[in-house]
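Going by our numbering, 338 is the number at position 338 of the sequence shown; the sequence numbering is gapless. To start, the structure itself, in structure tokens.
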Amino acid sequence: MMERILLNVFLVILPIILLPVITSNNIDRYLKIRTKYIFFAGLLTSFACMIFTIKINNAISFDFQFIPQLYASLFLGPVFSIFFVLITMGLKLLLEGHGLLFAAVLSGFHIVLSIVYSKKFNNSTSDQRIFAFTVIHIVTGVFAFLYLYITTDVHHSFELVLWFFAQAFAAFIVIFFSEYIRSNLLLYRKIISTEKLDIVSQLAASISHEVRNPLTTVRGFLQLLSKMDNNEKSKEYIHISIDELDRAEAIIRDYLSFAKPSENKVTTLDINKEFKRIIDIMKPLANQYNVLIDATLQKDLFVIGEQQSFQQCFINIIKNSIEAMDKGGTLSISTTVKSDRIIIKIHDNGIGMTKQQLERIGEPYYSTKGSKGTGLGMMVVFKIVASMEGRIDINSELGKGTEIVTSFPLQKSKSAVREVPIGEGDPEIC
Ligand code: ADP
Ligand code: MG
Numbered sequence: 001m002m003e004r005i006l007l008n009v010f011l012v013i014l015p016i017i018l019l020p021v022i023t024s025n026n027i028d029r030y031l032k033i034r035t036k037y038i039f040f041a042g043l044l045t046s047f048a049c050m051i052f053t054i055k056i057n058n059a060i061s062f063d064f065q066f067i068p069q070l071y072a073s074l075f076l077g078p079v080f081s082i083f084f085v086l087i088t089m090g091l092k093l094l095l096e097g098h099g100l101l102f103a104a105v106l107s108g109f110h111i112v113l114s115i116v117y118s119k120k121f122n123n124s125t126s127d128q129r130i131f132a133f134t135v136i137h138i139v140t141g142v143f144a145f146l147y148l149y150i151t152t153d154v155h156h157s158f159e160l161v162l163w164f165f166a167q168a169f170a171a172f173i174v175i176f177f178s179e180y181i182r183s184n185l186l187l188y189r190k191i192i193s194t195e196k197l198d199i200v201s202q203l204a205a206s207i208s209h210e211v212r213n214p215l216t217t218v219r220g221f222l223q224l225l226s227k228m229d230n231n232e233k234s235k236e237y238i239h240i241s242i243d244e245l246d247r248a249e250a251i252i253r254d255y256l257s258f259a260k261p262s263e264n265k266v267t268t269l270d271i272n273k274e275f276k277r278i279i280d281i282m283k284p285l286a287n288q289y290n291v292l293i294d295a296t297l298q299k300d301l302f303v304i305g306e307q308q309s310f311q312q313c314f315i316n317i318i319k320n321s322i323e324a325m326d327k328g329g330t331l332s333i334s335t336t337v338k339s340d341r342i343i344i345k346i347h348d349n350g351i352g353m354t355k356q357q358l359e360r361i362g363e364p365y366y367s368t369k370g371s372k373g374t375g376l377g378m379m380v381v382f383k384i385v386a387s388m389e390g391r392i393d394i395n396s397e398l399g400k401g402t403e404i405v406t407s408f409p410l411q412k413s414k415s416a417v418r419e420v421p422i423g424e425g426d427p428e429i430c
């Protein structure tokens, strides 16, 4: 019996530990095959568990088939859960057939769980998932234990207890390893992205005004040419050239704002004032996109930071929000205070993002805007927010919109507020 239990534990863990090998530690590859893998590897495991069942006597036997079944039901949702249950029940019928009633009841319970709980389960934190998955197994284990204890004559208490603990333990190991491997895959991608970030920083340092200056000169001459030349075709070409130059300029600006040490001093910033200025800067772009800016700004909120960086950060966020609403919409900005932190919410009803997009946001060069995007804006945002001891939280739903919530430690006194003259250090739209 002991060997069989160990074999069952091994069988349910095997697909999980094989995952990093199969996906070569690549989270994108994992996300691509995730559904198929959970479903088919789960079915195979269930089937193997049924073959290597743990016999207590001729009438009672157990296996761990319900671990992959619950795993698939919770992670993949009701449709997959129903198919999974139908297939495993069919196989069970073919194999032996006893314990069918109990299996049917438990499978029904798994389907119900997948309907009511799968969404919440997937949105929970790793720890919550580990806890929930293990507890569900413990609870169903207790029911199975009681059911057998009451309905069968022979009370093999020791074997039952052993099975009960072994199953709970196996369930815990499965979910724990699966979460551990998932977070490792994510970490692996972060490391690669940090390496990319390093290269970006090094590059940024080497791109300086020497590159920007000739660009400005060329732009000026092109403008002159366009005024002198009356040929429509040349005008059009010059116009395209200027647009392309502006794009090159924008990329350099994004680089520089990311890597160059800021000359701006850290001061106490009046959030209300800063946002009025940011909104002024962004209004022309909003108008171009038919976007209405609706700002609810609480008065007398102060935060410590560099004025230019602060403005740059929110300009980048707001610019993305406006660009996400190419058919027009409303951009809501609100500032409030909650437990000694200033909460700044920027909400748009634009195109939104998928889960995968959301996971990649802020990665250098990650952009869905093709040649129009630089993929550096959000990276700059994350850097600025972190440097101000801030936190950022992004909620987005495809087709519905995006809400970006940033929070910073509240600065109580107004005494340190210093006016920084508006001028050279103005943020730029990028
Ligand atoms: P860029 O704007 O140059 O593409 P960013 O770093 O600013 O680069 O943004 C990265 C990507 O994140 C965008 O290409 C877009 O897909 C996504 N994104 C950012 N903000 C939003 C938003 N408010 N709504 C929808 N998608 C967004
Ligand atoms: Mg952007």
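Heads up, the beta-carbon is just placed ideally off N, CA and C, and yes, glycines get one too.
Which listed residue (the options) has its alpha carbon closest to that of residue i
i    : options                : result
V405 : E363, G375, C313, G328 : C313
V303 : G329, Y149, I315, T336 : T336
L101 : Q128, I138, I60, H137  : I60
N8   : S24, T45, L70          : T45
F145 : F131, L106, K120, I181 : L106
E359 : S183, G373, L215, E244 : S183
G350 : F52, S114, G399        : G399
E249 : L70, S226, I238, T217  : T217
G99  : A166, M50, L70, K119   : M50
I279 : S334, L113, F165       : S334
I384 : S407, L43, S396        : S407
Q298 : L410, Y30, T125        : L410
D300 : T88, I271, I251        : I271
V211 : L224, F64, R253        : R253
I16  : Y30, I5, L6            : Y30
E397 : T354, D243, G370, K55  : T354
V85  : F109, L95, F62, K372   : F109
Q356 : L113, H347, Y366       : Y366
F518 : S178, I13, V135        : With the chain covering 1 to 430 only, the question about residue 518 has no answer from this structure.
Which of helix, strand or coil DSSP assigns to residue i
i    : result
I422 : For I422, the pLDDT reaches just 38, beneath the cut-off of 50, and the residue's location in the model is therefore unreliable, leaving the point undetermined.
S396 : strand
P364 : coil
G401 : strand
L6   : helix
S118 : helix
D326 : coil
Q69  : helix
L269 : strand
F302 : strand
T296 : strand
E428 : Note that E428 has pLDDT 48, beneath the 50 cutoff, so the model's placement of it is unreliable and the number below is only indicative. Residue state, collapsed to three classes: coil.
S107 : helix
I60  : coil
D243 : helix
S451 : Here the chain comprises residues numbered 1 to 430, so residue 451 is not present and cannot be evaluated.
P20  : helix
L331 : strand
A416 : Caution applies to A416, whose pLDDT of 46 falls short of 50 and renders its modelled position unreliable; the value that the coordinates give is listed next. Correct three-state label for A416: coil.
Paired residues, beta bridge with residue i - DSSP
i    : result
Q312 : Bridge partners of Q312: none, in fact.
V337 : I342
F408 : I342
K55  : S61
D280 : Paired residues: none, contrary to the question.
H137 : The partner list for H137 (beta bridge, DSSP) is empty, contrary to what the question assumes.
R391 : S407
V291 : G329
D127 : Note: D127 sits in no beta bridge, so no partner.
D28  : BP columns for D28 are empty, so no partner.
Short CB-CB distance (under 8 Å) between residue i and chain D
i    : result
V105 : Among the chains in the structure shown there is no chain D, since it carries only a single protein chain.
Distance between beta carbons of residue j and residue i, contact taken as under 8 Å
i    : j    : result
R341 : Q311 : 20 Å between Cβ atoms; not a contact.
V266 : I317 : Incorrect: roughly 21 Å between the Cβ atoms, too far for contact.
D246 : Y289 : Rounded, the Cβ-Cβ distance is 18 Å, inconsistent with contact.
F133 : A171 : 6 Å
P78  : I111 : 7 Å
F75  : N122 : 7 Å
Residue i beta carbon near the ligand ATP (any heavy atom closer than 7 Å)
i    : result
K369 : Absence of the ligand ATP is noted for the structure shown, with the ligand ADP and the ligand MG being the only ligands found.
Checklist line | Whole alpha helix (DSSP H) elements within the stretch 161 to 200, 4-residue minimum | finding: none
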